[in-house]
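Okay, so here's the structure we're looking at.
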Amino acid sequence: MFSWKLLLLGLVVHLILFYSIFDIYFKSPIVHGMTPHSSPTSPPAKRLVLFVADGLRADKFYELQDGKSRSPFIRSIMEKNGSFGISHTRVPTESRPGHVAIIAGFYEDVSSIAKGWKENPVEFDSVFNESFSTWCWGSPDILPIFAKGDSYKHIYMTMYAEEEIDFGGTDPSRLDTYVFSSVKNFFHQAKQDPDLMKKLMSDKIVFFLHLLGIDTNGHSHHPHSKEYIENIQIVDEGIKEMVHVIDNFYNNDGKTAYILTSDHGMTNWGSHGAGNPHETLTPLVAWGAGIRTAMPAGKHSGFTDNFSEDWFLSHLLRNDVEQADIAPLMSSLIGVPFPMNSVGKLPLEYLSGDLGYKAENLLTNAKQILAQYTVKMMLAQNTSLSMTFKPFSELTSSIQAEKIQHIQNLIYAGQYEEAIVEGKRLIDLSLKGLQYYQTYNRMLLGTSVFFSFVGWMFFVICLLLQKHSGLMTTSFQMHIMNLRWWPMKNFIDISILVIICVIIGFLFVTSSPLMYYMYLLLPVLMWRSVIHRKDIVFAAVKAAYENHILHSVGLELIVTFIGLEILVYSFFERKAIAIGLILMALWAPLSFNWHYNKLPILGWVISCLALAVFPLLPTVNKDRNYKLVVAAGVIAIFLGSYSLHKMFPRESLMKTRKFGLFQVFLIGLAVYIVHSTANNLAVNQGLQPINQCISWLLLGSTFVLPLFSSQLVIERLHSILLSLYTLYTLMSTSHECLFILSFCCSLFFWVWLESIVTPSLHFQLDDVRTLHFGSELQEENNYIRISKEDTRRAYFFIFFMYTAFFGTGNIASINSFDPASVYCFLTVFHPFSMGTLLLLKVALPFFIVICALDTLCISTNTSKSILFLNVLIISDVMGLQFFFLVQDFGSWLEIGSSISHYVIAMTTIIFILLLDVICHCFTTLHIPLTTFKTA
Numbered sequence: 001m002f003s004w005k006l007l008l009l010g011l012v013v014h015l016i017l018f019y020s021i022f023d024i025y026f027k028s029p030i031v032h033g034m035t036p037h038s039s040p041t042s043p044p045a046k047r048l049v050l051f052v053a054d055g056l057r058a059d060k061f062y063e064l065q066d067g068k069s070r071s072p073f074i075r076s077i078m079e080k081n082g083s084f085g086i087s088h089t090r091v092p093t094e095s096r097p098g099h100v101a102i103i104a105g106f107y108e109d110v111s112s113i114a115k116g117w118k119e120n121p122v123e124f125d126s127v128f129n130e131s132f133s134t135w136c137w138g139s140p141d142i143l144p145i146f147a148k149g150d151s152y153k154h155i156y157m158t159m160y161a162e163e164e165i166d167f168g169g170t171d172p173s174r175l176d177t178y179v180f181s182s183v184k185n186f187f188h189q190a191k192q193d194p195d196l197m198k199k200l201m202s203d204k205i206v207f208f209l210h211l212l213g214i215d216t217n218g219h220s221h222h223p224h225s226k227e228y229i230e231n232i233q234i235v236d237e238g239i240k241e242m243v244h245v246i247d248n249f250y251n252n253d254g255k256t257a258y259i260l261t262s263d264h265g266m267t268n269w270g271s272h273g274a275g276n277p278h279e280t281l282t283p284l285v286a287w288g289a290g291i292r293t294a295m296p297a298g299k300h301s302g303f304t305d306n307f308s309e310d311w312f313l314s315h316l317l318r319n320d321v322e323q324a325d326i327a328p329l330m331s332s333l334i335g336v337p338f339p340m341n342s343v344g345k346l347p348l349e350y351l352s353g354d355l356g357y358k359a360e361n362l363l364t365n366a367k368q369i370l371a372q373y374t375v376k377m378m379l380a381q382n383t384s385l386s387m388t389f390k391p392f393s394e395l396t397s398s399i400q401a402e403k404i405q406h407i408q409n410l411i412y413a414g415q416y417e418e419a420i421v422e423g424k425r426l427i428d429l430s431l432k433g434l435q436y437y438q439t440y441n442r443m444l445l446g447t448s449v450f451f452s453f454v455g456w457m458f459f460v461i462c463l464l465l466q467k468h469s470g471l472m473t474t475s476f477q478m479h480i481m482n483l484r485w486w487p488m489k490n491f492i493d494i495s496i497l498v499i500i501c502v503i504i505g506f507l508f509v510t511s512s513p514l515m516y517y518m519y520l521l522l523p524v525l526m527w528r529s530v531i532h533r534k535d536i537v538f539a540a541v542k543a544a545y546e547n548h549i550l551h552s553v554g555l556e557l558i559v560t561f562i563g564l565e566i567l568v569y570s571f572f573e574r575k576a577i578a579i580g581l582i583l584m585a586l587w588a589p590l591s592f593n594w595h596y597n598k599l600p601i602l603g604w605v606i607s608c609l610a611l612a613v614f615p616l617l618p619t620v621n622k623d624r625n626y627k628l629v630v631a632a633g634v635i636a637i638f639l640g641s642y643s644l645h646k647m648f649p650r651e652s653l654m655k656t657r658k659f660g661l662f663q664v665f666l667i668g669l670a671v672y673i674v675h676s677t678a679n680n681l682a683v684n685q686g687l688q689p690i691n692q693c694i695s696w697l698l699l700g701s702t703f704v705l706p707l708f709s710s711q712l713v714i715e716r717l718h719s720i721l722l723s724l725y726t727l728y729t730l731m732s733t734s735h736e737c738l739f740i741l742s743f744c745c746s747l748f749f750w751v752w753l754e755s756i757v758t759p760s761l762h763f764q765l766d767d768v769r770t771l772h773f774g775s776e777l778q779e780e781n782n783y784i785r786i787s788k789e790d791t792r793r794a795y796f797f798i799f800f801m802y803t804a805f806f807g808t809g810n811i812a813s814i815n816s817f818d819p820a821s822v823y824c825f826l827t828v829f830h831p832f833s834m835g836t837l838l839l840l841k842v843a844l845p846f847f848i849v850i851c852a853l854d855t856l857c858i859s860t861n862t863s864k865s866i867l868f869l870n871v872l873i874i875s876d877v878m879g880l881q882f883f884f885l886v887q888d889f890g891s892w893l894e895i896g897s898s899i900s901h902y903v904i905a906m907t908t909i910i911f912i913l914l915l916d917v918i919c920h921c922f923t924t925l926h927i928p929l930t931t932f933k934t935a
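Counting from 1, one number per residue, gives the positions in the sequence shown under the UniProt record's numbering.
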């Protein structure tokens with residue numbers, strides 16, 4: 001295997017390259033040091049009520065059902081007293097970033113989101129923070145985001161327990177009724193509390209009602225279910241009651257503004273996190289003080305999109321906004337300073353004031369965004385040499401002052417419409433400038449990372465040639481010694497030392513972050529190592545030329561390039577996996593003699609073609625079909641029993657057969673648990689304790705039972721596959737169980753055929769029984785040369801790894817949160833436990849591939865280090881492509897997918913090595929059954 005030095009070096013290099021995307025593409029947009037800006041005009045509202053219906057889709061809220069609205073109260077407001085539209089969500093369509101965008105006005109970068117969903121990775125300003133007082137009711141996962149630390153003592157929270165968020169509960173809408181009841185009790189008690197009454201009579205206060213029931217019902221029953229629809233009606237009735245309670249409490253003074261929106265939508269199959277329009281289109285309805293009443297749609301203001309035709313609202317003026325635009329709208333309504341990190345643009349279409357009021361508020365909005373721009377410009381200038389700093393030419397300090405003065409002059413002159421137009425231009429220009437300085441060092445860092453990638457790959461190729469090419473013989477080394485030009489070697493080292501000193505000096509003078517030293521020095525050090533190993537590269541080219549194999553090498557490079565591009569394209573389109581599997585199916589008929597190898601060739605072709613079907617099917621979380629799980633379980637029971645009969649026929653192996661039959665029985669038990677749990681949840685009976693207990697016991701047994709089987713390859717593999725399939729069944733909701741069966745068959749025939757390729761080795765049943773795990777080649781005592789089969793095996797191995805990942809899903813479906821896979825274990829919302837189980841489900845097919853690779857190395861006498869070095873090169877070539885395809889704009893589907901692509905490619909080898917260590921323990925450890933008999 002790898003030496004510990006190479007492992008450590010590879011880990012450090014990949015961590016630096018992996019982390020680079022967060023400094024290059026995803027630096028936090030939050031900066032500090034700005035002065036808060038608030039409008040000098042008198043606000044129309046004294047208080048604001050914000051309703052956020054978590055997981056509410058725009059279409060399910062706006063459309064009519066049998067000619068009637070699901071939300072009659074809000075519908076009447078839209079048609080008479082308020083304004084409505086669509087709020088377009090962004091990165092990503094999850095609860096935390098959605099609420100941050102609504103209340104703080106900015107879109108969190110991915111690195112901040114990854115640091116914690118409940119607590120702030122960095123402090124940021126919000127409408128709540130700027131208010132005089134804010135009262136919040138709702139989920140313990142959301143409210144604490146905006147009320148952490150001593151500076152937030154004016155934000156009061158009332159939350160229910162986390163255990164109440166139960167996807168398998170009888171009625172998730174009770175989460176919303178709890179909030180409504182708490183608000184009613186709050187205002188009732190306020191009449192008896194003079195101190196509270198005094199606070200409630202103040203200006204600039206906010207009431208925030210977070211309503212989680214719709215989201216929970218959507219996860220549990222899907223957005224088309226009657227539970228989801230009924231929850232919308234419950235929310236509508238609850239909001240009607242809240243408006244009545246609040247208006248009565250304030251004696252209908254007309255100083256209350258109301259806003260209803262959602263943090264994200266939901267797919268038809270009950271998940272969110274990606275960029276499906278059902279996830280990114282959320283409703284926005286505003287009414288009350290300062291909000292313009294309903295207006296008829298003009299000739300050119302009606303929407304003709306294909307998703308709103310059945311809403312029957314085309315006669316009304318619809319105003320669509322970006323989600324971050326809601327924060328400045330709330331600030332202007334109650335007259336608090338705009339959140340300092342907000343990038344939202346004030347939607348004037350929702351305001352009812354005169355043009356002067358709108359112009360002043362828009363100018364305040366422009367000043368607030370311009371303040372961020374100024375701070376970012378100063379940061380970029382302070383971390384650059386004066387001679388190298390390039391300011392954003394369209395908005396220099398003089399241009400800023402000139403534009404602000406021009407807008408103020410227009411307002412003083414009463415030219416409000418012109419002032420509004422200029423204010424919008426200044427906001428757009430400021431946002432463009434923010435983006436410019438956000439990506440100021442991208443070109444420098446990106447170039448450095450590119451050369452680091454290429455240098456690292458050449459370094460690995462040199463190591464591979466040096467250790468396994470057979471070129472580094474004693475005579476060759478003497479030849480190299482005679483050809484070396486030592487003065488040139490010293491010149492190169494001196495030149496590299498000078499370059500390092502220049503880079504360190506530049507970074508020190510510009511006060512650059514520590515990681516910048518890593519990014520700029522890494523390519524220098526990598527290429528130094530390559531230059532010192534140039535002799536082996538020249539020797540390899542010379543040997544290829546002398547042996548007349550350059551033409552075949554060129555053909556192999558073309559085939560390898562095509563294969564790599566199929567892998568890369570599979571990240572964007574799962575169907576590419578099917579194309580790759582069809583091409584791989586042709587390998588056996590073209591490479592082997594049909595007369596002598598009918599069974600493995602036929603099995604390989606059929607299993608590959610069967611496996612190619614699954615990438616063409618919808619992702620597994622779109623539709624739940626437990627009948628397929630049951631059918632796959634029945635097939636697995638049959639195959640498991642049949643294989644026991646064929647592989648262990650002798651009487652001496654009866655104990656093994658009995659143990660295997662017990663594991664087959666556990667598969668049947670898992671199928672029953674899945675079927676029973678699905679039926680119970682369908683009738684709202686929740687997860688039964690006995691089912692939950694058995695599920696956890698089966699999970700624990702998965703990693704214990706195989707240890708009781710012998711270390712003989714065929715027996716241990718059989719036990720491992722039965723155990724892993726049992727656990728996978730418990731986490732299945734559709735056809736993924738059938739996928740695993742086909743996947744295992746393909747791996748079996750792959751190992752068989754690779755064994756036939758190896759001279760004097762045959763993958764026969766009797767021969768395999770003599771092999772055992774732990775008998776891998778000891779490479780330090782047995783020298784092995786690299787061959788062209790090693791490259792193919794490495795490619796097939798990594799192709800199967802990605803097939804395991806994309807075979808039944810894709811990046812969007814994995815990022816989308818669908819808890820149905822873990823309902824046999826728990827239904828109460830617990831992100832860490834559910835996330836761990838979902839990751840375990842994703843990892844199980846990988847574990848099967850690693851076990852197959854161990855078997856292949858034993859049966860073919862193949863060096864693992866050669867295979868892993870080839871895999872490392874392949875994954876890094878893909879990683880370099882994905883580095884330039886990372887996006888920091890668009891929906892979560894686009895941004896999250898681009899990050900996931902890069903992360904997967906960069907962590908592939910680390911993940912494989914980690915799994916290999918676990919697999920080695922899993923295959924070599926043995927607990928004799930006699931231990932318990934003796935005890």
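Don't be surprised by glycine CBs; every beta carbon is placed ideally from N, CA and C. Here the structure is a predicted model, which is why all the values come from computation and not from measurement.
Bridge partners of Thr89 according to DSSP: none are assigned. In this structure, Tyr519 sits near Leu445, with a CB-CB distance shorter than 9 Å.
Per the DSSP secondary-structure output, Cys136 pairs in a beta bridge with Met157, Phe208. The criterion of a C-beta distance shorter than 9 Å is satisfied by Ala286 and Ser83. Per DSSP, the beta-bridge partners of Lys68 are Gln65. DSSP places Ser732 in the coil class of the three-state scheme, outside both helix and strand. Contact between Ser452 and Met526 holds, with the beta-carbon distance rounding to 6 Å and staying under 8 Å.
As the crow flies, the alpha-carbon of Glu349 is around 12 Å from that of Leu362.
For the 9 Å CB-CB criterion, Val100 and Ser126 form a contact. For Phe51, the closest C-alpha among the options Val12, Leu17, Trp135, Lys68 is that of Trp135.
Contact between the region 407-418 and the region 47-66 is absent: fewer than three C-beta pairs spanning the two stretches fall below 8 Å. Scanning Thr808, Gln881, Ala578 for the CA closest to the CA of Pro845 turns up Thr808.
Judged by DSSP secondary structure, Thr280 falls within the alpha helix (DSSP H) whose first and last residues are 277-280. Closest option to Met801, judged by alpha-carbon separation, among Leu753, Phe911, Phe708: Phe911. Note on Val460: 16 or more other CB atoms within 10 angstroms of its CB, so buried under the neighbour-count rule. Three or more Cβ pairs closer than 8 Å define a contact, and the region 593-613 falls short of that threshold against the region 621-633.
Annotation: the continuous alpha helix (DSSP H) that includes Ala371 extends over 355-382. In the DSSP assignment, Tyr517 falls within the unbroken alpha helix (DSSP H) covering 514-531.
The three-state secondary structure of Phe703, taken from DSSP, is coil.
Three or more beta-carbon pairs drawn from the region 692-708 and the region 723-733 are found closer than 8 Å, and the two stretches are therefore classed as touching. Under DSSP, Leu260 takes part in a beta bridge, and its partners are Phe51, Val285. One alpha carbon belongs to Ser448, the other to Pro92, and they sit about 29 Å apart. Listed in chain order, the non-local C-beta contacts of Gly85 below 7 Å within the same chain comprise Leu284, Arg318, Asn319, Asp320, Val321, local neighbours out to five positions each way being set aside.
For Ser95, the enclosing alpha helix (DSSP H) begins and ends at 95-104. For the pair of segments examined, the region 706-722 was found not to touch the region 560-571: the number of CB pairs separated by less than 8 Å stays below three.
Comparing alpha-carbon positions, the option among Thr267, Trp752, Lys198, Gln189 lying closest to His221 turns out to be Thr267. Taking C-beta atoms as the reference points, Ala359 and Pro44 fail to come closer than 9 Å.
Here Arg716 carries a helix assignment [DSSP, helix/strand/coil]. For Arg624, no alpha helix (DSSP H) segment is defined, and its DSSP state is neither H nor E. Only residues of its own chain outside the window of five on either side were considered, and among them Ile24 have a CB closer than 6 Å to the CB of Arg442, listed in chain order. DSSP places Met330 in the uninterrupted alpha helix (DSSP H) bounded by 326-334.
When secondary structure is reduced to three states using DSSP, Pro296 falls in the strand class. In this chain, the alpha helix (DSSP H) harbouring Asp790 covers 788-806.
Cβ neighbours of Ala585 within its own chain (closer than 6 Å, five residues either side excluded): Val605, Cys608, Leu609. Taking C-beta atoms as the reference points, Gly238 and Pro172 fail to come closer than 9 Å.
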